[in-house]
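S.K.:
Protein chains: 2
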Amino acid sequence: MADRNAHALADVFKALADPARVKIMAMLLNAEEVCACDISAAIGKSAATASHHLKILRDAGLTTSERRGTWVYYRAVPQRLEALVGALSLGR
Amino acid sequence: MADRNAHALADVFKALADPARVKIMAMLLNAEEVCACDISAAIGKSAATASHHLKILRDAGLTTSERRGTWVYYRAVPQRLEALVGALSLGR
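Chains as they are written, first to last, in the working numbering: chain A, 277 to 368; chain B, 277 to 368.
Here is the structure:
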């Protein structure tokens, strides 16, 4: 596996290597979309902390977000998770 | 998702959150088994560093190892990777 690919995959795993972010991903994967306003309560963290974790997940391509009016809504990108395992298995 | 489960999953992702360990996992997933003696050259690290990474992967349940004579042989546990994604998707 090329260095560049190994680094890219490690970065996505790093985005998931936190209990709060694991909880957020599980929440998003089990709903069509979730309002950012509901996430901080669900993970028991402040809105600022939730927002920090959501940014890391989005930067890693694991979620998408859309602002509608006052709120930002998040969705999981399950293909990104599957691609992670696939890339490891194929050694790419 | 319970705190305990979120921590356990985050720990496995942490084990994968390193380029050298990503390379080792890709190598193991693409072979039946690999001698530890071949891994350090493959990832371009010292034997001691390779051994450190292999321990982290084994402790996370991502590999198994077996000593035969002088050498230790490693195998991937692909079910562990699949279970990771499954646990997130089911929110358990």
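By construction, the Cβ of each residue, glycine as well, lies at the ideal position given by its N, Cα and C atoms.
Computed from a prediction, not measured in an experiment: that's the story for all the values here.
Run through the DSSP bridge pairs and tell me what V298/B is partnered with.
M.R.: Answer is none; V298/B lacks a bridge partner.
S.K.: Expressed to the nearest angstrom, what Euclidean distance is found between the alpha-carbon atoms of I332/A and L366/B?
M.R.: Each residue's alpha carbon lies about 22 angstroms from the other.
S.K.: DSSP state of A291/A, grouped into three classes?
M.R.: DSSP places A291/A in helix when its eight states are reduced to three.
S.K.: Would you please verify whether the beta carbon of L292/B is less than 8 angstroms from any beta carbon of chain A?
M.R.: So, interface residue.
S.K.: Starting from V361/A and walking both ways along the alpha helix (DSSP H), at which residues does that stretch end?
M.R.: Per DSSP, V361/A belongs to the alpha helix (DSSP H) from 354–366.
S.K.: Determine the burial state of S316/A: buried for a count of at least 16 other Cβ atoms within 10 Å of its Cβ, exposed for fewer.
M.R.: That one is buried.
S.K.: Sorted by chain position, which residues of the same chain lie with C-beta nearer than 6 angstroms to Y349/A's C-beta, five sequence neighbours on each side aside?
M.R.: Closer than 6 angstroms at the Cβ level, and outside the excluded window around Y349/A, lie E309, C311, E342.
S.K.: Going along chain A, which residues have a C-beta under 8 angstroms from H329/B?
M.R.: What H329/B touches in chain A: nothing, since even the nearest Cβ is about 12 angstroms away.
S.K.: Taking the alpha-carbon of L292/A as reference, which of A318/A, A278/A, G337/A, R280/A has the nearest alpha-carbon?
M.R.: Nearest C-alpha to L292/A: G337/A.
S.K.: Is A278/B buried or exposed, if buried means 16 or more other CB atoms sit within 10 Å of its CB?
M.R.: Result: exposed.
S.K.: Just tell me which of D314/B, N281/B, A318/B, G362/B has its CA closest to the CA of A296/B.
M.R.: Of the candidates D314/B, N281/B, A318/B, G362/B, the one whose C-alpha sits nearest the C-alpha of A296/B is A318/B.
S.K.: Which chain A residues are close to A282/B, counting only those with a beta carbon under 8 angstroms from its beta carbon?
M.R.: Simply P295, A296, V298, K299, A302.
S.K.: Judging by CA-CA distance, which residue of V298/B, V288/B, L285/B is the nearest neighbour of A363/A?
M.R.: Measuring from the Cα of A363/A, the nearest candidate turns out to be V298/B.
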